[in-house]
Each structure stands twice: as structure tokens, then as C-alpha cells.
DNA sequence: GTCTATAGCCTGATAGAC
DNA sequence: GTCTATCAGGCTATAGAC
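As C-alpha cells, this is what we get:
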């Protein structure tokens, strides 16, 4: 109170820094919407600027290039997907229940964010390579899945083969196949409707029969 | 010899018509190469003209628009893929052997033509909608697969559930998942190498265990 | 942080001469 | 069927004033 210029505690982030972060988030929101509407390759600086209500050169105060915006969309998407999956897994019993709950939550999120999902799974922008730190959440997702498979084997829910790279790759084929077919062929159907997403339980049926518990 | 202007039998297609068809094929070849190098969205009239050795306006003598070229690539790809699969199925025993042989041949072809495969499976060019007649081979491929599944059930190679739409959709998830993961993550590996295509037999292992023969 | 102005590209498509 | 010329627009990015 003595020397402080105001009565509030000093904010850890001042107003203008916060406003800057808000603008960055808004740019990423606009970029994602644009990719959803016009295709992943339909992202342009000019249109982002138009929707944000500024002129294109102003965007360079927030991002160094168009590819930098792609990277920001990619990174935020990876982070969000990881947190969704982690939360769903933590709320379920260890092993197979955690795995199915986590992957279903991740699939729901992916289907609701098709542009980011395409950017992450199918690399439709050849000139875009995500930065290593933007890829980090992806490794963490793999780790969570591997741990769940290990738990499932330990708990006797799955056979020993389920705790291998082969099983992990097979799982990724199942999930990305489901998402790809749903997004390409039933783009307007929400999760649980259409021809593909209702088959989600069937995927785990197949997976379990491929690696049945020994007992 | 009396009134004929030359000694050869009259060709069913004259030279200039044949040359025109050759040019059209060459344009499609160039378009596919370009999409492979620069991404499916990297196809431009200007670059096609450059590689063909003409100026862009000349292309309009062969195609009405850029989207027309996309459609030609799409149609020729569908046709080729269908014929590859049909031939492989015909060379194998009916039922499950025909199905696996046909799908493996199709997958090999798809992996060797990633740009067309992306165009067919994942629709990365939102403004491009294939013409109905270009989609026809796709329906025929589905028919071939459905027939093979029916035969497999009749022959006792698979259980009754394998002859359903659900099984067909599940099969498409497996195949498109394998291709998508292989193309995105092991783009330079040929069929049979890398982390995903060696799992092809595993897919049918899972499929068979999901729909086991009753006996 | 915003703008204007501009450089230096690219694109699809058409008109009309030859 | 080829070309030149052109339209009408798009884009990323930078320089520099305010």
C-alpha cells in the first residue's frame, strides 16, 4: 500500500500482454474455422486478416509466417486432444476401460475438429512440417496408450501380444481408419451416427479377439 | 487399291484423333506427378502447361477447367484400381482368398499412387466433386468385395455376420486406415516394408476372428 | 500495433490472331 | 491447336510512416 501505485495485487500478466494472448488465440480460432470451411489448404493470411478486422501486415506482429499459424493450430490441437484423452482415461478403470474411454473421447474431439485432425493425421500441406515441440503431445498420447495396454495385459484383460509395437500400430490403423472414413464419407454426422462411428465398439471387439487373455 | 488413297486398311481412329488422346493421357500423367510432388492441392494449370511444353490457354482445348483435370485423374485412377483388383481376385480361389488377393493388389497400387489415393479416399480438395460416372468403378469395387464376402460365407470360410454392411464398412476402415497410416508416416517405404503395410495379414486375422466360421 | 504502399510473385480463364 | 495479350484477381511478405 505504501509504494504500490494501485490497490490490487500486481497482475502476473499485465493488461496488454493478456490482450496480446487473446488476439493470438482469436487468430488460431479463425484459422481453424477457415480450414474447416475451405479445406486445410484454404488457410490464407489475407482471409484471416479480413475476419480479424485488420490488414494482413498486422498479423506479422503475432506470427512470423503462414506456416507459423499452421504450427500454432497444430500445437493447440495436439495439446487439446491429449488433455481430453488423459482426462477420460483418468476417469475410467485402469487397463482396457481406460484405453477405450480415452480413445473414444479423443475420437469425439477429433470428429468435432476435422481440420486439425486432417492436419495431424494426413499431412495435406506438404510445405508444413510441425516443429518438434509441437509434436511432443503426440508422443505423450502414445505413451498413455502403451501404458494402458501394459496395464490391460497385467490385469489379464488382454493377452501378452497386446503389449507390443505391433498392437499399438494396429490400434492406430483402427482409429485413424474410423476417423478418416467418417470424416470423408459422413462429414455431417455427429459421433454415434452415420455408417462408421457406431462401429467403434466393434473395433475393440476385434482388437480383443486378436489378443485374447490367456485365461 | 482402286479408289483407296493408301494401301493400309483405314484406321478406326485417325492419326489426329489418336494424337489428341495421347495428349490427354499425357496431361493426366503430368497432373498426377504434380499432385504427388506438391500435394493434391498443388495441381495448377500453369505448371501442367509448363511441363507439357505449351502455354496455359492451350490446355483449354483438352479440358474445360482445372476441376475437369482433377476429375480425369480421379476417373482414370478409379478405373485402374478396379481393374487391378478384379484381375487379382479372378486369379485366386473364390471367397476369402479372392478377397485378400484383391485387396492386397489394390493396396499395392494405392501405395504406388498416393496422390490419387488421397484424392479418392480423403477428399482434400473441397471444391472438387467427382462426376457420378467417375464414381461408378467405386461401386463396382464394393460389389466385388461384397460378392467375395458372400462366397466366403457360403464356403464356410467366414461366419454369417461377414456378409453384412457392417462387415464391409469395417473392412473399409481396416484398409483405409492401413493406407492412411502408411502414406502419412512411412511415405517412402514400399509395400511390405515400414511399420504398417507388414500388418496387412494381421488385418485379415482380426477380421476372421471377428466373424469366425461356425464350424 | 496499426496502417499505406508496394514488390514480386502466383493463379484461372478468355479474346482473338494465325 | 497453337500462340500473344490481357483481365481480374489472388497471395506472402517487407518497408516505413504514424
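Chains as they are written, first to last, in our numbering: chain A, 1 to 215; chain B, 1001 to 1215.
Where a beta carbon is used, it is the ideal one built from N, C-alpha and C, also for glycine.
> What number of angstroms, rounded off, separates the C-alpha of residue 82 of chain A from the C-alpha of residue 43 of chain A?
Replying inline: 24 angstroms
> What is the rounded straight-line gap between the Cα of residue 90 of chain A and the Cα of residue 1028 of chain B?
Replying inline: 52 angstroms
> Of all Cβ atoms in chain A, is any one closer than 8 angstroms to the Cβ of residue 1080 of chain B?
Replying inline: no
> chain B beta carbons: is any one of them nearer than 8 angstroms to that of residue 3 of chain A?
Replying inline: Residue placement at residue 3 of chain A is flagged as unreliable, the pLDDT there being 49, under the threshold of 50; a coordinate-derived value is accordingly withheld.
>> Run through chain B and tell me which residues come within less than 7 angstroms of residue 176 of chain A, C-beta to C-beta.
In response: 1177, 1180, 1181
> Considering only residues of the same chain and omitting the five flanking positions on each side of residue 193 of chain A, which have a CB-CB separation below 8 angstroms?
Replying inline: 186
>> I'd like the list of long-range same chain contacts for residue 1003 of chain B, defined as Cβ closer than 6 angstroms, with 5 residues on each side in sequence excluded.
In response: Because residue 1003 of chain B sits at a pLDDT of 48, beneath the cut-off of 50, its placement in the model cannot be relied upon, and the following sentence gives the value as read from the coordinates. Result list for residue 1003 of chain B: empty, nothing under 6 angstroms.
>> Quick check on the DSSP output: what are the complete alpha helix (DSSP H) runs of length 4 or more inside the stretch 18-52 of chain A, in order along the chain?
In response: 45-52
>> As a quick exercise: from B:1200, B:1172, B:1055, pick the residue whose alpha carbon is nearest that of residue 242 of chain A.
In response: Chain A is shown only over 1 to 215; residue 242 of chain A falls outside these bounds and no answer can be derived.
>> I'd like the list of long-range same chain contacts for residue 1127 of chain B, defined as Cβ closer than 8 angstroms, with 5 residues on each side in sequence excluded.
In response: 1067
>> Between the alpha carbons of residue 104 of chain A and residue 92 of chain A, how many angstroms are there, rounded?
In response: 12 angstroms
>> If the cut-off is 8 angstroms on Cβ atoms, which residues from the stretch 68-79 of chain A count as contacting chain B, listed in chain order?
In response: none
> In terms of residues, what are the limits of the alpha helix (DSSP H) holding residue 1122 of chain B?
Replying inline: It is not in any alpha helix (DSSP H) - residue 1122 of chain B carries neither H nor E in the DSSP assignment.
>> Is the separation between the beta-carbon of residue 1073 of chain B and that of residue 1024 of chain B shorter than 8 angstroms?
In response: no
> Could you give the distance in angstroms between the alpha-carbon of residue 1149 of chain B and the alpha-carbon of residue 100 of chain A?
Replying inline: 29 angstroms
> Taking residue 1071 of chain B as the reference, which of B:1181, B:1143, B:1147, B:1132 has the closest Cα?
Replying inline: B:1132
>> residue 1052 of chain B and residue 1069 of chain B - do their beta-carbons sit closer together than 8 angstroms?
In response: no
> Which bits of chain A does residue 1122 of chain B rub up against, with CB to CB less than 9 angstroms?
Replying inline: 118, 122, 124, 180, 183, 184
>> Between residue 1158 of chain B and residue 1094 of chain B, how many whole angstroms is the CB-CB distance? I'm expecting something under 8 angstroms.
In response: About 12 angstroms separates the two Cβ atoms, so there is no contact after all.
>> So with CB distances below 8 angstroms, who are the chain B contacts of residue 195 of chain A?
In response: 1165, 1169
>> So residue 202 of chain A contacts chain B; which residues on that side make the cut at Cβ distance below 8 angstroms?
In response: 1166, 1170, 1210
> Nearest to residue 1121 of chain B by alpha carbon, out of B:1034, B:1045, B:1057, B:1174?
Replying inline: B:1174
> What is the rounded straight-line gap between the Cα of residue 1166 of chain B and the Cα of residue 1211 of chain B?
Replying inline: 11 angstroms
> Quick one: what does DSSP say residue 109 of chain A is sitting in, helix, strand or coil?
Replying inline: helix
>> Please state the DSSP three-state secondary structure of residue 190 of chain A.
In response: coil
>> To the nearest angstrom, how far is the alpha carbon of residue 177 of chain A from that of residue 1036 of chain B?
In response: 22 angstroms
> Which parts of the stretch 1052-1104 of chain B are runs of the alpha helix (DSSP H), unbroken and 4 residues or longer, counting only runs that do not cross its ends?
Replying inline: 1056-1059, 1066-1090
> Near residue 1134 of chain B, which residues of its chain fall below 8 angstroms by C-beta distance, leaving aside the five closest residues on each side in sequence?
Replying inline: 1071, 1074, 1075, 1078
> What's the gap between the Cα of residue 1012 of chain B and the Cα of residue 1062 of chain B?
Replying inline: 21 angstroms
> Between which two residues does the alpha helix (DSSP H) carrying residue 1170 of chain B extend?
Replying inline: 1165-1185
> Does the separation of the CB atoms of residue 1183 of chain B and residue 1114 of chain B fall below 8 angstroms?
Replying inline: yes
>> On the criterion of 16 or more Cβ atoms from any shown chain inside 10 Å, does residue 143 of chain A qualify as buried, or is it exposed?
In response: exposed
> So residue 1124 of chain B and residue 1048 of chain B are in contact, right, with Cβ under 8 angstroms, and what is the actual spacing, rounded?
Replying inline: That belief does not hold up - the Cβ atoms of residue 1124 of chain B and residue 1048 of chain B are roughly 18 angstroms apart, past 8 angstroms.
> Within 8 angstroms (strictly less), CB to CB, does residue 1136 of chain B reach chain A?
Replying inline: no
> How would you list, in chain order, the residues of chain B whose beta-carbon sits under 7 angstroms from the beta-carbon of residue 156 of chain A?
Replying inline: Residues of chain B passing the Cβ test: none, with the nearest at roughly 19 angstroms.
>> For residue 111 of chain A, tell me which candidate among A:138, A:197, A:164 has the shortest Cα-Cα distance.
In response: A:197
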